[in-house]
Structures are given as C-alpha cells and as structure tokens.
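**Q**
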Amino acid sequence: MAKHLSNARYPTWLIEAAPRIIKHMNEDHPNCIASTLYGQHGIKDKNAKMDNLEVDGYYIQSDGALYFAKFTKTCVSPDEYKSELVKHAHLYRDFELS
C-alpha cells in the first residue's frame, strides 16, 4: 500500500496494519487468496498474492493484473479486517485449488 496521510479511505489503523496483514496472508494463507480470486473473479492462480488493502476489501495480484476482492462491509479496525478475511476463507473454501 502506498504511503498516504490518514483519511477515510486510508485510516491510520489500515496504514499501520497493512504490511503485517499482507505479509501474513501471502506467507501463511496463499490458498485463501487464490480461492477468493477464483470465487469472485473466476481466475485460477495458485501464485496469486495479496497486494494492497482498502477498508472494504483488498487487491490480488495475478499474472500482472490486479483484481479487487470485495468484503461484505467496510472495516473500521484490524479486528474487523481479520473477521472479513476469515469470512472469505470460509465462503470460498469450495474454490480451493488442488
């Protein structure tokens, strides 16, 4: 995520938490990212990576393109962000690539 001054679109909590969330998801939960990409956009890519966070979802990088993974709500804290990521993991479990 680009460095921004805090505002409604990029609140301080998101700016501060983004590097940690992105690193954790890309290292520990790449299957969740890939299954969300497949579930929301119909794209199969085991190498998909979380790229950039927004308060209402995140961007996934796949084959040089960015795709937005939409949450069901706008998050106002790291805990809400985690909850939305867990929702995606459950919602798109059937889209996991083997």
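Numbering (our numbering), first residue to last: 62 to 159. Positions of the beta carbon are idealized from the N, C-alpha and C atoms, including for glycine. All of these numbers come straight from a predicted model, not from anything done at the bench.
1) Would you kindly work out how many angstroms separate the C-alpha atoms of Gln101 and Asn92, rounded to a whole number?
2) Between Arg154 and Phe129, what straight-line distance do the alpha-carbon atoms span, to the nearest angstrom?
3) Looking at the secondary structure, which residues open and close the alpha helix (DSSP H) in which Glu115 lies?
4) Using the Cβ count rule (16 or more neighbours within 10 Å means buried), how would you classify Gly118?
5) Report the option in Ser138, Pro139 and Asn108 whose CA atom is closest to the CA atom of Ala126.
6) Which stretch, first to last residue, makes up the beta strand (DSSP E) that contains Ser144?
7) Measuring CA to CA, which of Thr97, Glu115, His149 and Asn87 is closest to Thr73?
**A** According to the data block:
1) When rounded, the separation of the alpha-carbon atoms in Gln101 and Asn92 is 14 Å.
2) Each residue's CA atom was taken as its position, placing Arg154 and Phe129 some 18 Å apart.
3) Annotation for Glu115: no alpha helix (DSSP H) segment contains it, though the beta strand (DSSP E) segment containing it runs Lys110 to Glu115.
4) Gly118 should be labelled buried.
5) Nearest neighbour of Ala126 by Cα position, chosen from Ser138, Pro139 and Asn108, turns out to be Asn108.
6) From DSSP, Ser144 is part of no beta strand (DSSP E) but of the alpha helix (DSSP H) over Pro139 to Leu152.
7) Measuring from the Cα of Thr73, the nearest candidate turns out to be Glu115.
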